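Peer 1:
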Amino acid sequence: MSEAFMLAAMLVLVSMAAALLRAWRGPTSVDRIMAVQLVGTGMVGVAVALGAARNEAGMLDAALVATLLAAVAVSAFVRRPEGAATSHSKPNSPSLDR
Amino acid sequence: MGPEFLAVLQILSLALLAAGVLFYVAGSVGLLRFPDAPSRLHALTKADNVGLGLVSLAAAIYWGEPAIAAKIALVWLFAIISSGMTAQLLARAAPVADGSGSPAEYERESGT
Amino acid sequence: MSAAFDILLCLMILATAGIALFVRGAFAAIAFFIAFGNLLGLAWLALGAVNVALAEIAVGAGVTGVALILACSRLFELGDNLADVRTPLASRLGSAALCLGFTVMLAGVVLTIPPGDRLSKVVAPLLPGLGIENPVTGVLLAFRGYDTLLETFVLLGALVAAWSLTPDASRRLPPTTMVMTDPTSRIVAEAFTRLLAPAALIIAAYLVWVGSDLPGGAFQAGAVLAGALVVATLGGVVVLPRLDSLAARIALMVGPLTFLAIGLAGAALGGRFLAYPDGLEKTLIVTIEYALAISIAAGLALLAIGPPQPMPNNARADAR
Amino acid sequence: MLVEGGHVFAVTGAVLAGLGFYSFLVKRHPIRQLLAANVVGAGVFLMLGGLGRSPGGADPFAQALVITGIVIAVALSALGAAMVVRLAACGDKDEAPLGEKREGP
Numbered sequence: 131m132s133e134a135f136m137l138a139a140m141l142v143l144v145s146m147a148a149a150l151l152r153a154w155r156g157p158t159s160v161d162r163i164m165a166v167q168l169v170g171t172g173m174v175g176v177a178v179a180l181g182a183a184r185n186e187a188g189m190l191d192a193a194l195v196a197t198l199l200a201a202v203a204v205s206a207f208v209r210r211p212e213g214a215a216t217s218h219s220k221p222n223s224p225s226l227d228r
Numbered sequence: 047m048g049p050e051f052l053a054v055l056q057i058l059s060l061a062l063l064a065a066g067v068l069f070y071v072a073g074s075v076g077l078l079r080f081p082d083a084p085s086r087l088h089a090l091t092k093a094d095n096v097g098l099g100l101v102s103l104a105a106a107i108y109w110g111e112p113a114i115a116a117k118i119a120l121v122w123l124f125a126i127i128s129s130g131m132t133a134q135l136l137a138r139a140a141p142v143a144d145g146s147g148s149p150a151e152y153e154r155e156s157g158t
Numbered sequence: 008m009s010a011a012f013d014i015l016l017c018l019m020i021l022a023t024a025g026i027a028l029f030v031r032g033a034f035a036a037i038a039f040f041i042a043f044g045n046l047l048g049l050a051w052l053a054l055g056a057v058n059v060a061l062a063e064i065a066v067g068a069g070v071t072g073v074a075l076i077l078a079c080s081r082l083f084e085l086g087d088n089l090a091d092v093r094t095p096l097a098s099r100l101g102s103a104a105l106c107l108g109f110t111v112m113l114a115g116v117v118l119t120i121p122p123g124d125r126l127s128k129v130v131a132p133l134l135p136g137l138g139i140e141n142p143v144t145g146v147l148l149a150f151r152g153y154d155t156l157l158e159t160f161v162l163l164g165a166l167v168a169a170w171s172l173t174p175d176a177s178r179r180l181p182p183t184t185m186v187m188t189d190p191t192s193r194i195v196a197e198a199f200t201r202l203l204a205p206a207a208l209i210i211a212a213y214l215v216w217v218g219s220d221l222p223g224g225a226f227q228a229g230a231v232l233a234g235a236l237v238v239a240t241l242g243g244v245v246v247l248p249r250l251d252s253l254a255a256r257i258a259l260m261v262g263p264l265t266f267l268a269i270g271l272a273g274a275a276l277g278g279r280f281l282a283y284p285d286g287l288e289k290t291l292i293v294t295i296e297y298a299l300a301i302s303i304a305a306g307l308a309l310l311a312i313g314p315p316q317p318m319p320n321n322a323r324a325d326a327r
Numbered sequence: 005m006l007v008e009g010g011h012v013f014a015v016t017g018a019v020l021a022g023l024g025f026y027s028f029l030v031k032r033h034p035i036r037q038l039l040a041a042n043v044v045g046a047g048v049f050l051m052l053g054g055l056g057r058s059p060g061g062a063d064p065f066a067q068a069l070v071i072t073g074i075v076i077a078v079a080l081s082a083l084g085a086a087m088v089v090r091l092a093a094c095g096d097k098d099e100a101p102l103g104e105k106r107e108g109p
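Chains as they are written, first to last, in the working numbering: chain A, 131 to 228; chain B, 47 to 158; chain C, 8 to 327; chain D, 5 to 109.
(1) Looking at the unbroken alpha helix (DSSP H) that takes in residue 140 of chain A, where does it start and where does it end?
(2) Using 8 Å as the threshold, is the segment 209 to 219 of chain C in touch with the segment 154 to 168 of chain C, meaning 3 or more CB pairs across them?
(3) Around the C-beta of residue 189 of chain A, are 16 or more other C-beta atoms found within 10 angstroms, so that it is buried, or is it exposed?
(4) Indicate whether the contact test is met: 3 or more Cβ pairs, each with one atom in the segment 119 to 132 of chain B and one in the segment 145 to 160 of chain A, closer than 8 Å.
(5) Quick one: does residue 152 of chain A have its CB under 9 Å from some CB of chain B?
(6) At a Cβ threshold of 9 Å, is residue 131 of chain A touching chain C?
(7) At the level of alpha carbons, what is the spacing between residue 35 of chain C and residue 272 of chain C?
(8) Determine the extent of the alpha helix (DSSP H) in which residue 95 of chain B is found, giving its start and end residues.
(9) Apart from the five residues just before and just after residue 19 of chain C, which ones in its own chain have a Cβ nearer than 7 Å to its Cβ?
(10) Under 7 Å Cβ to Cβ from residue 239 of chain C, same chain only, skipping five residues before and after it: list those, please.
(11) Keeping to the same chain, check which residues put their C-beta closer than 7 Å to that of residue 59 of chain B; ignore five residues upstream and five downstream.
(12) What residue from A:138, A:133 and A:174 has the CA that sits closest to residue 119 of chain B's CA?
(13) Helix, strand or coil, according to DSSP, for residue 57 of chain D in the structure here?
(14) If you count every other CB in all the chains shown that lies within 10 Å of the CB of residue 51 of chain B, and 16 or more means buried, which is it?
(15) For residue 51 of chain C, go through chain D and note every residue whose CB falls closer than 7 Å to its CB, in chain order.
(16) Here's a check: name, in chain order, each residue in its chain whose Cβ is nearer than 8 Å to the Cβ of residue 101 of chain B, leaving out the five neighbours to either side.
(17) Can you look up residue 307 of chain C in the DSSP assignment and give me helix, strand or coil?
(18) Would you call residue 190 of chain C buried or exposed, if buried means 16 or more other Cβ atoms sit within 10 Å of its Cβ?
(19) Between the segment 263 to 272 of chain C and the segment 224 to 243 of chain C, do at least 3 Cβ pairs fall closer than 8 Å?
(20) Candidates B:48, B:95, B:57 and B:112: which alpha carbon is nearest residue 168 of chain A's?
(21) From which residue to which residue does the alpha helix (DSSP H) around residue 70 of chain C run?
(22) Do you know whose CA, among B:116, B:128 and B:114, lies nearest residue 200 of chain A's CA?
(23) Can you name the residues of chain A whose CB is closer than 8 Å to the CB of residue 207 of chain C?
(24) Cα separation between residue 258 of chain C and residue 301 of chain C?
(25) Would you please verify whether the beta carbon of residue 34 of chain B is less than 9 Å from any beta carbon of chain A?
(26) Check the Cβ of residue 4 of chain B against every Cβ in chain C and list those closer than 7 Å, keeping chain order.
(27) Which residues of chain B have a Cβ atom closer than 8 Å to the Cβ of residue 208 of chain A, listed in chain order?
(28) Name, going along the chain, the residues of the segment 99 to 117 of chain B whose beta-carbon falls closer than 7 Å to a beta-carbon of chain A.
(29) Going along chain A in order, which residues have a C-beta closer than 7 Å to the C-beta of residue 29 of chain C?
(30) How would you list, in chain order, the residues of chain G whose beta-carbon sits under 8 Å from the beta-carbon of residue 128 of chain B?
(31) Residues of the segment 66 to 99 of chain B with a CB closer than 8 Å to any CB of chain A: list them in chain order, please.
(32) Which class does residue 224 of chain C belong to by DSSP, given the choice of helix, strand or coil?
(33) Any Cβ of chain C within less than 9 Å of the Cβ of residue 148 of chain A?
(34) Below 9 Å between beta carbons: does that hold for residue 50 of chain C and residue 27 of chain C?
(35) First and last residue of the alpha helix (DSSP H) that includes residue 186 of chain C?
(36) Does any residue of chain B bring its CB to less than 9 Å from the CB of residue 198 of chain C?
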């Protein structure tokens with residue numbers, strides 16, 4: 131049974147790797163931050179599965195903290211469009227997405 | 047609790063785990079294959095949280111302790127709440143980053 | 008199965024680190040760095056070090072990520088395109104050879120060391136007298152009390168140094184420039200903060216409390232609180248205090264000062280700095296941890312948000 | 005045997021340190037150098053953690069050291085980020101690093 135949870139954790143890891151492919155390809159920074167978000171959710175799933183496989187309830191605390199802080203990076207990120215939308219309107223303006 | 051009941055619980059837990067992993071994979075495939083940011087966001091927030099919920103449920107059944115089940119429920123609850131927030135924020139940020147208009151214009155177009 | 012998991016995890020860690028370091032766009036690099044932090048947290052879980060995993064997830068991925076994203080967006084607003092200058096081929100080859108040699112040497116040395124926690128055999132007999140079941144908390148606050156005390160001062164010192172970078176003109180401004188600009192996003196963030204803040208408070212108190220017996224502790228709790236504070240600030244719910252605010256200074260100092268006071272009291276009573284009197288160890292350590300959590304939360308949040316900035320938009324508006 | 009003892013993580017840490025150093029030498033933008041320094045730090049922590057692993061769990065000494073290290077790393081990264089921003093704010097106007105007498109573009 132614990133092997134099954136270990137296998138599940140590995141499969142979720144593989145799906146996280148697929149999400150990282152999206153973070154690599156972009157094309158926009160929103161896509162990248164979404165992929166990071168998916169890695170975060172995947173990490174919580176892996177932590178829960180790993181905790182079950184090893185019978186360690188302490189790992190649930192890590193999962194709890196991870197879900198609590200999942201939104202922090204996103205809220206820092208969405209503050210950005212102000213600068214992107216107003217201060218540089220030239221077509222070849224510097225962009226964070228390059 | 048008889049041994050049959052425990053066996054049923056175990057099978058249930060395994061089935062939930064498999065379904066959860068399937069949803070995770072579906073979420074990743076959606077993120078990779080969908081054409082634009084809003085539809086990718088939809089794959090991310092829906093499929094992934096269902097996947098987490100199913101994996102969590104499987105783990106809670108496997109552990110079989112109420113206190114741990116409560117903590118796992120809390121994990122899922124927070125995951126849903128924060129993904130609800132991030133989905134809204136990212137959906138509003140997406141058109142801006144695409145260069146296809148400001149959030150206000152996007153709102154008018156989609157009629158929300 | 009466990010070994011396969013470890014290897015897969017390590018490969019993913021190396022891949023994300025490689026991309027974070029060498030991808031062209033600066034924002035993509037930061038996105039991968041945050042993912043790298045999350046995977047590192049998993050690695051610590053796989054190593055059985057839940058304490059470190061908590062710290063890495065909360066501090067490493069959360070707070071560092073925010074600081075870097077905000078720094079990037081400020082640089083962008085200042086007109087820095089974040090592009091990288093290519094170094095000449097010769098120096099790149101030289102660096103590659105140097106680093107390859109370094110890596111091979113390091114890996115070789117690492118492989119000759121047999122793993123195992125020989126130190127914990129030394130520590131274990133000493134711990135029962137402390138009343139603290141979590142060996143990491145015991146080590147942090149009992150055996151390495153000096154280190155932990157100095158570390159809290161390092162955090163404080165970093166904050167003072169960051170504040171000293173504030174231009175004189177904006178020294179008296181509260182750092183309000185960081186609020187989200189889109190009004191609807193702000194409403195969403197506000198609503199979320201009202202749910203997050205109480206939860207973060209409870210989780211932080213729980214982490215400190217459980218830290219004496221199970222994984223958790225002041226740093227992890229402080230980082231959780233700091234994360235909630237950052238979201239609240241960005242959503243405009245909490246206005247960060249001015250640099251000369253008394254409340255901020257009290258919050259920043261309460262932890263180190265409590266630690267110092269208890270340490271000095273130990274010197275007065277027990278004859279040695281940071282010696283906890285018999286029977287009171289657990290009470291004192293938990294007191295120190297709660298006070299430290301408050302200071303760490305305030306320090307990390309202020310560091311992540313950064314010192315008040317003269318925004319280029321404001322500067323332009325003033326000039327016109 | 006190699007895998008059981010956490011050597012995988014220790015070797016990963018060594019490679020991370022090497023990668024980070026290379027990036028630090030090659031990349032010129034200060035934000036990228038901050039990232040590189042963080043990756044080197046993470047590699048060192050991972051070496052400590054990997055070598056401290058045993059069947060009963062991880063070495064509490066190594067864990068305590070790494071937690072201290074993580075907190076100091078984040079403090080210095082945030083300070084570094086603040087310094088980079090300040091440098092950029094001063095750099096593109098040819099002015100003294102005091103923001104008071106700044107003029108519009």
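Glycine included, each C-beta is placed from N, C-alpha and C at the ideal position. Remember, it's a predicted structure, so these values are computed and weren't measured experimentally.
Peer 2: This is what the structure holds:
(1) Unbroken alpha helix (DSSP H) run through residue 140 of chain A: 132 to 155.
(2) They do not touch, by the three-pair rule.
(3) By the neighbour-count rule (16 or more Cβ atoms within 10 Å), residue 189 of chain A is buried.
(4) Touching, no, given that fewer than three Cβ pairs across the two stretches are closer than 8 Å.
(5) Closer than 9 Å: yes.
(6) Not closer than 9 Å to any Cβ of chain C, the Cβ of residue 131 of chain A fails to qualify, so no.
(7) C-alpha of residue 35 of chain C to C-alpha of residue 272 of chain C: approximately 50 Å in a straight line.
(8) Its alpha helix (DSSP H) spans residues 94 to 109.
(9) Excluding the 5 residues flanking it on each side, residue 19 of chain C has same chain C-beta neighbours closer than 7 Å at 46, in chain order.
(10) Cβ within range, chain order: 200, 204 and 245.
(11) 104, 107 and 108, listed in sequence order.
(12) It is A:174 whose Cα lies nearest to the Cα of residue 119 of chain B.
(13) DSSP places residue 57 of chain D in the strand class (E or B) of the three-state scheme.
(14) Exposed, because fewer than 16 other Cβ atoms sit within 10 Å of the Cβ of residue 51 of chain B.
(15) 53, listed in chain order.
(16) Result list for residue 101 of chain B: 62, 63, 66, 67 and 70, in chain order.
(17) Of the three classes helix, strand and coil, the one that applies to residue 307 of chain C here is helix, per DSSP.
(18) Residue environment analysis places residue 190 of chain C among the exposed positions, since fewer than 16 neighbouring C-beta atoms fall within 10 angstroms of its C-beta.
(19) Fewer than three beta-carbon pairs drawn from the segment 263 to 272 of chain C and the segment 224 to 243 of chain C are found closer than 8 Å, and the two stretches are therefore not classed as touching.
(20) For the residues B:48, B:95, B:57 and B:112, the minimum Cα distance to residue 168 of chain A belongs to B:95.
(21) Run containing residue 70 of chain C: none; DSSP gives neither H nor E here.
(22) Nearest in C-alpha terms to residue 200 of chain A, of all of B:116, B:128 and B:114, is B:128.
(23) Using a Cβ-Cβ cut-off of 8 Å, residue 207 of chain C is close to 198 of chain A, given in chain order.
(24) Straight through space, the alpha carbons of residue 301 of chain C and residue 258 of chain C are spaced by roughly 6 Å.
(25) Past the boundaries of the shown model lies residue 34 of chain B; chain B is included only from 47 to 158, so the question cannot be answered.
(26) Nothing in the structure corresponds to residue 4 of chain B, since chain B is present only between 47 and 158.
(27) Chain B residues near residue 208 of chain A: 135, 136, 138 and 139.
(28) If the cut-off is 7 Å between Cβ atoms, the segment 99 to 117 of chain B has 101, 102, 105, 108, 109, 114 and 117 near chain A.
(29) Neighbours of residue 29 of chain C in chain A, taken as residues whose beta carbon is under 7 Å from its own, are absent, since the nearest beta carbon is some 11 Å off.
(30) Protein chains in the displayed structure are A, B, C and D, and chain G is not among them.
(31) Answer in chain order: 66, 67, 70, 71, 73, 74, 75, 77, 78, 83, 86, 87, 90, 94, 95, 97 and 98.
(32) It is coil, neither helix nor strand.
(33) For residue 148 of chain A, the nearest beta carbon of chain C is not closer than 9 Å to its own beta carbon.
(34) The answer is no: Cβ separation not under 9 Å.
(35) Careful: residue 186 of chain C lies outside any alpha helix (DSSP H) and carries neither H nor E.
(36) Chain B, which has a Cβ nearer than 9 Å to the Cβ of residue 198 of chain C, makes this yes.
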